[in-house]
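Chains as they are written, first to last, in the numbering used here: chain A, 1 to 114; chain B, 1001 to 1115.
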Amino acid sequence: KNQVEQSPQSLIILEGKNCTLQCNYTVSPFSNLRWYKQDTGRGPVSLTIMTFSENTKSNGRYTATLDADTKQSSLHITASQLSDSASYICVVNDRGSTLGRLYFGRGTQLTVWP
Amino acid sequence: EADIYQTPRYLVIGTGKKITLECSQTMGHDKMYWYQQDPGMELHLIHYSYGVNSTEKGDLSSESTVSRIRTEHFPLTLESARPSHTSQYLCASSGTGPKSQRTQYFGPGTRLLVL
């Protein structure tokens, strides 16, 4: 069973609008949570990383939140652009091993229309 | 921009052929990883390496093998390709420092199609 669940699976919005993507996880013990952006045919690129003590992290028009108590995270995209069309992947890192295993969500496929 | 490269980007090959997917990074990272990703699905770790001469199998069983003779190079080999190997293969690397900051940098991926 995947320990990282993302919603919605896909989302279509108009250019200039805002949107929020959700991530729920059951990974324990928790180390950090990352959001990646993956363009079609490309590798994922890191957007934000948050540890247990952080509840908000911004990167330009991207703002991630983390509630470690409820094990939920969100990624808010402001004033969307066509270039935001991509898959957004939530990744949770546990701290139970030297490697620090990563658990990947299946991603939310965002399409921004003009 | 991450300095991690994969070749080829696309590969179409017949069943039974031997193939090697190349991955190299110029960041001096000690840890390197191979992931397999099917469309719309999560990434699955198939191999990883802590450093030179260190290789380990990941969570997803794979018939591929890897080697780490040089820090910057982590090739993946399939001795006999099968249609079930059709997928996207992503290479990644990460450096040292606090575990919380060891971001994995991904290459562009190799899309493999086995006929």
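Just so you know, even glycine gets a beta-carbon here, dropped at the ideal spot from N, CA and C. A quick note: this is a predicted structure, and the numbers were derived from the prediction, not measured.
| query | result |
| --- | --- |
| Which of helix, strand or coil DSSP assigns to S83(A) | helix |
| Neighbourhood of D1030(B) by C-beta distance below 6 Å, restricted to the same chain and skipping five residues each side | G1051 |
| Residue burial classification, N91(A) (beta-carbon count within 10 angstroms, cutoff 16) | A small correction: the amino acid at residue 91(A) is Val; Asn does not occupy that position in the sequence shown. With 16 or more other Cβ atoms within 10 Å, it is buried. |
| Assigned exposure category for I1069(B) - 16 Cβ within 10 Å defines buried | exposed |
| Test: I49(A) CB closer than 9 Å to a CB of chain B | yes |
| C-beta atoms of Y1089(B) and Q1036(B) nearer than 9 Å | yes |
| Same chain only: Cβ atoms within 7 Å of V1114(B), ignoring 5 sequence neighbours per side | I1013, T1015, A1081, R1082, P1083, H1085, T1086 |
| Where L1076(B) meets chain A, residues with beta-carbon distance less than 8 Å | Simply none; closest approach about 15 Å. |
| N- and C-terminal bounds of the beta strand (DSSP E) containing D1059(B) | Segment: none, D1059(B) is in no beta strand (DSSP E) and carries neither H nor E. |
| Anticipated Cβ contact below 8 Å, S58(A) with L66(A), distance rounded | Wrong, their Cβ atoms sit about 12 Å apart, outside the cutoff. |
| Three-state class that DSSP yields for S1067(B) in the structure shown | coil |
| Sequence-distant residues of the same chain with beta carbon closer than 7 Å to D1059(B), five excluded per side | H1044, L1045 |
| Interface residues of chain B facing P29(A) [CB-CB closer than 9 Å] | The premise fails here: P29(A) is roughly 12 Å from chain B at the closest Cβ pair, so nothing lies under 9 Å. |
| Backbone secondary structure at S1084(B) - three-state DSSP | helix |
| Cross-strand partners of L1112(B) (DSSP beta bridge) | L1011(B), S1087(B) |
| Same chain, Cβ closer than 6 Å to L1021(B), five either side skipped, listed in chain order | L1076, Y1089, T1110 |
| Cut-off 6 Å between Cβ atoms - residues of its own chain near K1017(B), not counting five sequence neighbours on either side | A1081 |
| Cβ-based burial, P44(A) [other Cβ within 10 Å; buried from 16] | buried |
| Whole-angstrom distance between G1040(B) and Q109(A), CA atom to CA atom | 8 Å |
| Interface residues of chain B facing S7(A) [CB-CB closer than 9 Å] | Chain B residues near S7(A): none, gap ~14 Å exceeds 9 Å. |
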